[in-house]
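Heads up: the structure comes next, in structure tokens.
In this note's numbering, the protein residues as written are 44 to 213.
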């Protein structure tokens, strides 16, 4: 309906409610659009929090994976003499969880150094000993209080070979 004023028409002729009612939003429309806008803002805020938690969890998992890998290869690269003196009997090298030093725990996001533990086990195989099984794992505490551990521990097998004998250069 055209509610414009004309010379022969009155101000509200042909309009049911008049010009003042049709010129803006009603209270119901305003409440409805405000509630949809608020819901969208809350969904966006919650998705940002979820992305932040997921990114922190991925960063901690990557840091734990790197730490377990470094510890495993650090032990693997030791000389055979170290294995003979420290891990010749299963009772010599006890299976244990140890705290990670603060210098190695800087990559963990939002986790204090008292909340990161590393597992290291070196077990001899065979009689006489022909190889050693090196196993490392890492666990850390989440902000909600629960512990998270790597899905698979690192397992390496170190054979009784001094790698310094296998050099290409003279």
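Note that beta-carbon positions come from the ideal geometry of N, C-alpha and C, so glycine has one too. Predicted model only: the values in this text are computed from it and were never measured.
Cβ-based neighbour list, residue i, same chain, cut-off 8 Å, excluding 5 preceding and 5 following
| i | result |
| --- | --- |
| residue 143 | 110, 156, 159, 160, 161 and 181 |
Counterpart residues of residue i in DSSP-defined beta bridges
| i | result |
| --- | --- |
| residue 161 | 141 and 181 |
| residue 168 | 174 |
Cα-Cα separation, residue i to residue j
| i | j | result |
| --- | --- | --- |
| residue 166 | residue 96 | 37 Å |
| residue 196 | residue 122 | 23 Å |
| residue 106 | residue 150 | 6 Å |
| residue 172 | residue 202 | 9 Å |
| residue 204 | residue 124 | 10 Å |
| residue 132 | residue 177 | 14 Å |
| residue 101 | residue 94 | 10 Å |
| residue 67 | residue 91 | 35 Å |
| residue 73 | residue 79 | 10 Å |
| residue 85 | residue 104 | 28 Å |
Endpoints, beta strand (DSSP E) assigned at residue i
| i | result |
| --- | --- |
| residue 199 | 197-202 |
Continuous alpha helix (DSSP H) stretch holding residue i: start and end
| i | result |
| --- | --- |
| residue 124 | 123-129 |
| residue 117 | 70-119 |
Integer Cβ distance of residue i from residue j, believed to fall under 8 Å
| i | j | result |
| --- | --- | --- |
| residue 112 | residue 175 | The Cβ separation is near 17 Å, so there is no contact. |
| residue 115 | residue 199 | 5 Å |
| residue 129 | residue 119 | Contact doesn't hold; Cβ gap of about 13 Å is too wide. |
Neighbour flag for residue i against chain C, beta carbons, 9 Å
| i | result |
| --- | --- |
| residue 164 | No chain C is part of this structure, which consists of one protein chain only. |
Cβ shell of residue i (< 6 Å), same chain only, five flanking positions each side left out
| i | result |
| --- | --- |
| residue 185 | 191 |
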